[in-house]
Structure formats: C-alpha cells, structure tokens
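Each remark here refers to the structure printed beneath this line.
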C-alpha cells in the first residue's frame with residue numbers, strides 16, 4: 011500500500027511538472043494562461059511568473075488580460091520582488107482604472123516602493139518615490155479600507171526622510187561649521203515644522219549659535235550672544251522641560267555672564 015501511494019504521488023508530481031513544461035513550450039496563450047492561473051492558485055508564484063512573462067507582450071487587450079496582469083503583479087509582490095511588483099501595479103492602475111482591483115493595486119503599488127526604502131543613511135530616491143505613491147493613493151481614496159496601513163507606511167517613510175535631512179543639518183554642528191549649521195538647521199525647521207526631530211534641531215541650532223558667539227571676535231560677540239539667547243528661548247518655548255535643559259541652562263549662564271561686559 012505504501013509503495014502504491016508513493017508511485018501515485020510521483021505520478022501526480024510528474025504530470026504536474028509535465029503540464030507546466032508543456033505550457034512553457036506551448037505557443038497557445040490559452041494553455042499558458044490556464045497553467046499560470048493554476049500555479050498562482052497553488053501559490054507557486056515563481057512558476058506562475060515565468061508563464062506571465064511569456065504571455066504579457068501578447069496578452070494586452072484580451073478578455074482575461076485584467077485578471078492576468080493583476081496576478082502577475084501579485085506574484086512579484088508575493089515573492090518580494092518589489093521593484094517589479096511596483097512597476098506592474100503602477101501599470102495595472104494606469105491600464106485598468108475601472109477595475110474593482112484598482113484601489114488595492116494602488117495601495118500595493120505604494121507599499122511595494124515603500125519596501126524598497128533603505129536605511130536613512132543611504133540614498134533616499136526610493137523613499138521619496140514611495141512617499142509620492144502613497145500620498146497619491148491617500149488623496150485618491152480617502153475612505154479606503156487600506157487607509158490606516160497607507161498612513162502608517164507614509165509616516166514611517168516621512169520620519170526616515172526627515173531623520174536623513176536632520177542628520178545632514180546636524181553634521182555641520184558636529185564638524186564645527188556653525189554658520190552653515192545655523193542655515194541648515196533653520197531650513198530644516200522651516201521645511202519640517204511638525205517633525206519629531208524639532209526639539210533636537212532647536213537645541214543644535216542653539217548650540218551652534220552659542221559656540222559661534224563665545225568664539226567670536228569682540229566686535230561681533232554681543233550681537234551673536236543675543237542671537238544665541240534668542241535660540242535658547244525658542245528651544246524652551248517649544249518644550250520647557252526639554253531633555254537638553256540642563257546643558258542649555260549652563261550655556262545660557264555663560265551667555266548672560268559674557269553679555270554683562272557689554273552693559274558696562
């Protein structure tokens with residue numbers, strides 16, 4: 011009985027492989043489609059992809075093309091080939107704007123590109139593209155069931171991009187180019203007023219203003235000390251109990267002490 015079951019399973023597997031190989035070699039698009047759909051339903055996405063790749067050029071405009079291109083995009087997504095998935099979902103949205111699947115495809119287009127977003131320290135071209143795609147989806151489908159996931163993905167990407175730009179601006183402070191730091195941090199705070207990095211940006215802006223002031227020549231020191239004091243006030247106004255308060259207060263004490271020499 012065990013031998014019988016073994017040979018039965020082998021026969022089924024052989025027939026399955028045989029039908030797949032025949033479909034790959036066939037010139038009949040209907041044969042390829044039927045086999046590709048079977049592999050897709052069985053979650054054998056890589057095998058389905060090989061058939062979809064063969065069919066795609068000749069399949070546009072055919073009655074089943076909408077379903078085929080949806081499965082094609084999904085197969086890339088399921089196998090984590092996100093560049094190709096994003097491209098195929100983008101193409102699907104453009105080609106089938108009245109499809110019942112267009113909303114889902116629009117979301118998965120943005121999600122695919124978001125999965126390509128690298129660490130904040132690397133080039134953020136894919137992050138910017140993902141943000142654009144997800145924002146377009148949110149604007150187009152404000153009542154979508156995918157909206158919570160889309161908003162969460164968008165926030166994660168936006169935070170990453172803001173961290174990238176914050177670290178670039180902060181770097182000027184790190185290398186003691188305080189004039190450049192003031193400009194870069196001002197631009198960052200202006201461009202991203204709601205950023206979670208605003209407290210840190212305000213502190214490093216104060217730190218740069220402070221260091222620029224205390225290291226100034228006498229003729230420029232008073233104005234720069236006053237500017238640093240304004241930067242301190244901006245930090246405290248934003249968050250009175252800032253995590254930087256102890257250090258900032260020590261710096262303020264030095265500013266107040268140095269300003270006294272100009273009031274005599």
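Numbering (my numbering), first residue to last: 11 to 274.
A virtual CB, placed ideally from N, CA and C, is assigned to each residue, including glycine.
No experiment lies behind these values; they were computed from the predicted model shown.
Over the uninterrupted alpha helix (DSSP H) stretch that includes residue 62, give me the two end residues.
Indexing the chain shown from 1 puts residue 62 at position 52. Its alpha helix (DSSP H) spans residues 55–69.
Mind checking which residues open and close the alpha helix (DSSP H) that includes residue 99?
Translated into the one-based positions of the chain shown, residue 99 becomes position 89. Residues 92–105.
Taking the continuous alpha helix (DSSP H) assigned at residue 207, which residues delimit it?
In the chain shown, the residue the question calls residue 207 occupies position 197. No alpha helix (DSSP H) contains residue 207, which DSSP labels as neither H nor E.
Kindly indicate the opening and closing residues of the alpha helix (DSSP H) around residue 122.
Translated into the one-based positions of the chain shown, residue 122 becomes position 112. Looking at the DSSP string, the run of the alpha helix (DSSP H) that includes residue 122 is 112–124.
Within 9 Å, strictly: CB atoms of residue 81 and residue 46
Indexing the chain shown from 1 puts residue 81 at position 71. Indexing the chain shown from 1 puts residue 46 at position 36. Against a cut-off of 9 Å, the Cβ pair of residue 46 and residue 81 comes out as a contact.
State the start and end residues of the unbroken alpha helix (DSSP H) segment that holds residue 183.
Position 173 of the chain shown holds residue 183. First-last of the alpha helix (DSSP H) with residue 183: 157–184.
Drop a sphere of 10 angstroms on the beta-carbon of residue 150, count the other beta-carbons inside from all chains shown, and report buried for 16 or more, exposed for fewer.
Locating residue 150 in the chain shown gives position 140, where the first residue counts as 1. By the 10 Å Cβ count, residue 150 comes out exposed.
What is the rounded straight-line gap between the Cα of residue 253 and the Cα of residue 156?
Counting from 1 along the chain shown, the entry for residue 253 is found at position 243. Counting from 1 along the chain shown, the entry for residue 156 is found at position 146. Looking at the two C-alpha atoms, the distance is approximately 37 Å.
Which residue wins for smallest C-alpha separation from residue 147, given the options 172, 183, 171 and 107?
To locate residue 147, count along the chain shown from 1; it is residue 137. The candidate whose alpha carbon is nearest that of residue 147 is 107.
CB contact flag (residue 224, residue 212, <9 Å):
If you number the chain shown from 1, residue 224 lands on position 214. If you number the chain shown from 1, residue 212 lands on position 202. Cβ atoms of residue 224 and residue 212: not closer than 9 Å.
Please state whether DSSP places residue 191 in a helix, a strand or coil.
For the purposes of this step, residue 191 is identified with residue 181 of the chain shown, where counting begins at 1. Looking at residue 191 - three-state DSSP - the assignment turns out to be helix.
In angstroms, rounded to a whole number, what distance separates the CA positions of residue 232 and residue 159?
Within the chain shown, residue 232 is the residue found at index 222, counting from 1. Within the chain shown, residue 159 is the residue found at index 149, counting from 1. Approximately 52 Å, taken between the alpha carbons.
Give the single residue among 218, 88, 29 and 73 whose Cα lies nearest to the Cα of residue 186.
Sequence index remark: in the chain shown, residue 186 carries index 176 (1-based). Answer by Cα proximity: 218.
So, using beta-carbon positions, are residue 119 and residue 100 closer together than 9 Å?
Here residue 119 is taken as the residue at index 109 of the chain shown, counted from 1. Here residue 100 is taken as the residue at index 90 of the chain shown, counted from 1. For residue 119 and residue 100, yes; Cβs fall inside 9 Å.
Taking the alpha helix (DSSP H) that residue 263 falls in, what are its first and last residues?
Here residue 263 refers to the residue found at position 253 when the chain shown is read from its first residue. 255–270 is the span of the alpha helix (DSSP H), which, as asked, contains residue 263.
Are there 16 or more other CB atoms within 10 angstroms of the CB of residue 192, so buried, or fewer, so exposed?
Within the chain shown, the letter at position 182 stands for residue 192. Residue 192 should be labelled buried.
Using the Cα positions of residue 77 and residue 122, report the straight-line distance between them to the nearest angstrom.
The count along the chain shown starts at 1 and reaches residue 77 at position 67. The count along the chain shown starts at 1 and reaches residue 122 at position 112. Their Cα atoms are separated by approximately 19 Å.
Reduced DSSP secondary structure (H/G/I, E/B, other) of residue 34
Counting from one through the chain shown, the residue named residue 34 turns up at place 24. Residue 34 falls in the helix class under three-state DSSP.
Distance check for residue 30 and residue 21, CA to CA, integer angstroms please.
In the chain shown, the residue the question calls residue 21 occupies position 11. In the chain shown, the residue the question calls residue 30 occupies position 20. With a pLDDT of only 49 at residue 21, under the threshold of 50, the placement of this residue in the model should not be trusted; the figure read from the coordinates follows. Roughly 14 Å between the two C-alpha positions.
Counting only the same chain and skipping the five closest in sequence on each side, list residues whose C-beta sits under 8 Å from that of residue 136.
Here residue 136 refers to the residue found at position 126 when the chain shown is read from its first residue. If we look at residue 136 and ignore the five residues flanking it on each side, its Cβ neighbours are 123, 126, 127 and 128.
What does the alpha-carbon distance come out to for the pair residue 266 and residue 195?
Stepping through the chain shown from its first residue, residue 266 is reached at position 256. Stepping through the chain shown from its first residue, residue 195 is reached at position 185. Going by the C-alpha atoms only, they are around 24 Å apart.
In or out: residue 176 buried (at least 16 other Cβ within 10 Å) or exposed?
Stepping through the chain shown from its first residue, residue 176 is reached at position 166. The residue in question, residue 176, is buried, as its Cβ has 16 or more Cβ neighbours within 10 Å.
Chain-order list of residues whose beta-carbon lies under 7 Å from that of residue 190 (same chain, five-residue window excluded)
As a first step, residue 190 must be located in the chain shown, where it is residue number 180. Answer for residue 190: 182, listed in chain order.
Measuring straight from C-alpha to C-alpha, what distance separates residue 38 and residue 178?
The sequence position of residue 38 within the chain shown is 28, counting from 1. The sequence position of residue 178 within the chain shown is 168, counting from 1. Going by the C-alpha atoms only, they are around 56 Å apart.
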